[in-house]
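Worksheet: one structure, shown below.
Number of protein chains: 2
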Amino acid sequence: MPLQPVSRRSVPDEVFDQVLGEVVDGGLEAGEALPSERRLAEVLGVSRPAVREALQRMAQTRLVEVRHGGATTVRDFRRYAGLDLLPRLLVRGGGLDATVARSILEARLVIGPGVAALAAERGGPALLAALTGAVDALAGTEDDVERQVHALAYWDVVVDGADSLAFRLMFNSLRAAYEPALEALAPVMAEEVGQVGAYRVLTAAIGEGDPDTARAAAERVLRPATTSLLTALRALDETRQEKR
Amino acid sequence: MPLQPVSRRSVPDEVFDQVLGEVVDGGLEAGEALPSERRLAEVLGVSRPAVREALQRMAQTRLVEVRHGGATTVRDFRRYAGLDLLPRLLVRGGGLDATVARSILEARLVIGPGVAALAAERGGPALLAALTGAVDALAGTEDDVERQVHALAYWDVVVDGADSLAFRLMFNSLRAAYEPALEALAPVMAEEVGQVGAYRVLTAAIGEGDPDTARAAAERVLRPATTSLLTALRALDETRQEKR
DNA sequence: GTCCACGTACTGGTCTGACCACTTGACCAC
DNA sequence: GTGGTCAAGTGGTCAGACCAGTACGTGGAC
């Protein structure tokens, strides 16, 4: 049995999550005013510093605007929130949000080839060696979860090779959304991470230093699973429509 | 003279910025331990809650790891930080960081066409109308700063049309990095935002609903300025090399 | 009557000091 | 060695106080 570290949620964490939930799940509309810190503290049965900490974190994420002397108001997260909010929006309301999942798949399909092209442009022998190592690790296991971990590590190397901070940070944010669901996604991602051959082709293309070839190879890695997942999501959506 | 709202930096803000600076500008390496909250409070001459608030915000950004009972340690921001850190990294150390600026331009060139393609796929007459309105606004001014604002608003509409939360959040993060420097960038961006014709072509392509045409049109909008800016950045870099 | 100044009652901002909960590492008994 | 114990240091939380800024009603000046 894989023992898990016990999770100890702090009081401000709890408050943060509750307020966040109200904001992203629609309990509080944009422009609406939050209760005062004192009032919130009273209602939630915690101290004011705890509430304060949570609200400051909300402000940092651009989800609320706090004005000294005035009320703290909710901002439109669709308009202002950053990519770091993605994990939270993906699991909105219990299960995965199909719309959000779709958007992540689409984004991946756009960004992956772009990063691969940059990596091909900039990478040298060292990058090729690192990629080869990563793909060997991928080939060395049969377990779907492990394969996903190795595939993620592979892309990590690609992003490093692209030598782009913007893409690196994007990748970090996307990974933060992806990793928690990694085990649950094992069955649906098996198709993709099992294609060791496609990864080898991509590796060779990047190694050759030709951006266009690398772009195409990356698309060949990502496209199949993306398409079938999008189809599955659409079917799911239609099922839901019928239920109404 | 354009009066600016006075900036009232709060104490935790100040602490946050200082610690953030230490972390991203290399004063503190990844893995290193921060001074204790009490010690930091003493050294900075502020109360412990103020320090605490700042550190919690650092933790939220995945820049430090705080462990109850143990020391707070610095994490590797290149590996864990999200896209929301981009603005801060762009202006590292006084001026713009050329490497980071380059990466943003490259990312823009990858994402813009991708978003345009999605918008073409999904948008209807309403999107076309909104885009036309945005491009008309762009055409209606000669001022380079205003043009940039309108171009940004235009892309905002495109992103809306793509109906993708992931791209929307990415756009928000990138805009947060771009907007503060908007005025400073007016001269170098003039070339791009002055090409009203290219925007009209893009608008028409999206309106027609053909993803590939839209992708190509978006690239024609973004490519020229991207290329010349990248060249300029490279030249800048070489100048700096020679100075050494 | 209209308008503006002002006071009041609220909001968030900050501090102090205390105590609890947890981790670490040294020490000690086995 | 192994495991238990304890003290010291760390973050976690709280209560209460006071400062600083904003919103709004009320009054007086015109």
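Residue numbers (this note's numbering), protein chains in the order written: chain W, 1 to 244; chain D, 1001 to 1244.
For glycine and all other residues, C-beta sits at the position ideal for the given N, C-alpha and C.
Asked: In terms of alpha-carbon separation, which member of Q1195(D), A1177(D), L1063(D) and R1088(D) lies closest to D1076(D)?; Found: L1063(D)
Asked: Closer than 8 angstroms by C-beta to F1167(D): which residues in its own chain qualify, once you throw out the five before and the five after it? Chain order, please.; Found: I1111, G1114, V1115, L1118 and V1159
Asked: Between which two residues does the alpha helix (DSSP H) harbouring T1132(D) extend?; Found: P1125 to A1139
Asked: Just list the residues that DSSP pairs V1064(D) with in beta bridges.; Found: V1074(D)
Asked: What do you get for L1270(D), buried or exposed, if any count of 16 or more other CB atoms within 10 angstroms of its CB means buried?; Found: Lying outside 1001 to 1244, the shown extent of chain D, residue 1270(D) is not represented and no answer is given.
Asked: Which one or two residues does DSSP pair with A1033(D) in a beta bridge?; Found: T1073(D)
Asked: Helix, strand or coil for S47(W) per DSSP?; Found: coil
Asked: Below 8 angstroms between beta carbons is the criterion; list the residues of the segment 1075 to 1098 of chain D that meet it against any residue of chain W, in chain order.; Found: R1078, R1079, Y1080, A1081, G1082, L1083, D1084, L1085, L1086 and L1089
Asked: Can you pull the chain D residues whose beta carbon is under 7 angstroms from the beta carbon of S173(W), in chain order?; Found: G1082 and L1083
Asked: From the DSSP output, in three-state form, read off E142(W) for me.; Found: coil
Asked: Tell me the DSSP secondary structure of Q963(D) in three-state form.; Found: One cannot answer for residue 963(D) here, as it falls past the ends of chain D, which runs 1001 to 1244.
Asked: Does the Cβ of T1141(D) have 16 or more other Cβ atoms within 10 Å, making it buried, or fewer, making it exposed?; Found: exposed
Asked: At what residues does the alpha helix (DSSP H) containing V1110(D) begin and finish?; Found: A1098 to R1122
Asked: Would you mind telling me which residues of chain W sit closer than 7 angstroms to Q1060(D), beta carbon to beta carbon, in chain order?; Found: R57 and Q60
Asked: So, H1150(D) versus A1162(D), is the Cβ gap smaller than 8 angstroms?; Found: no
Asked: Report the rounded CA-to-CA distance for D1025(D) versus R1108(D), giving the unit in angstroms.; Found: 25 angstroms
Asked: So A41(W) packs on P12(W), CB below 8 angstroms; how close in whole Å?; Found: Actually they are not in contact, since the Cβ atoms of A41(W) and P12(W) sit about 11 angstroms apart, beyond 8 angstroms.
Asked: Figure out for me which residue from Q18(W), G194(W) and A81(W) has the closest Cα to the Cα of V145(W).; Found: G194(W)
Asked: Excluding the 5 residues preceding and the 5 following A1232(D) in the sequence, name in chain order all residues of the same chain whose CB lies nearer than 8 angstroms to its CB.; Found: V1188
Asked: Do L1105(D) and L1230(D) count as a contact pair if the criterion is CB distance below 8 angstroms?; Found: yes
Asked: Please list the residues of the segment 1210 to 1227 of chain D that have a C-beta atom closer than 8 angstroms to any C-beta atom in chain W, keeping them in chain order.; Found: none
Asked: Can you tell me which of the three DSSP states R1092(D) falls into?; Found: coil
Asked: How would you label V221(W), buried or exposed, when you count the other beta carbons within 10 angstroms and need 16 or more for buried?; Found: buried
Asked: By the 7 angstroms beta-carbon criterion, what residues does the segment 114 to 131 of chain W contribute toward chain D?; Found: G114 and L118
Asked: At a Cβ cut of 9 angstroms, what residues of the segment 1181 to 1196 of chain D count as close to chain W, listed as they run along the chain?; Found: none
Asked: If I'm right that L1165(D) touches S103(W) with Cβ under 8 angstroms, what's the distance once you round it to whole angstroms?; Found: 5 angstroms
Asked: Pair every Cβ in the segment 1175 to 1186 of chain D with every Cβ in the segment 1077 to 1094 of chain D, then say whether three or more of these pairs are closer than 8 angstroms.; Found: yes
Asked: Using a Cβ-Cβ cut-off of 8 angstroms, state whether E106(W) counts as contacting chain D.; Found: yes
Asked: Out of curiosity, what's the CA-to-CA distance linking L96(W) and L236(W)?; Found: 12 angstroms
Asked: Compute the beta-carbon to beta-carbon distance between T1073(D) and L1055(D), rounded to the nearest angstrom, for a pair I have assumed lies under 8 angstroms.; Found: Between L1055(D) and T1073(D) the Cβ distance is about 11 angstroms, and since that is not below 8 angstroms, they are no contact.
Asked: Whole angstroms is fine: what's the gap from G82(W)'s alpha carbon to R67(W)'s?; Found: 21 angstroms
Asked: Once the 5 residues before and after E1192(D) are set aside, which same chain residues still bring their CB inside 6 angstroms of it?; Found: A1225
Asked: From which residue to which residue does the alpha helix (DSSP H) around E1179(D) run?; Found: Where E1179(D) is concerned, there is no enclosing alpha helix (DSSP H), given that its DSSP letter is neither H nor E.
Asked: To the nearest angstrom, how far is it from the Cα of T1132(D) to the Cα of R1200(D)?; Found: 8 angstroms
Asked: With distances taken Cα to Cα, identify the nearest neighbour of L138(W) among A129(W), P125(W) and Y154(W).; Found: Y154(W)
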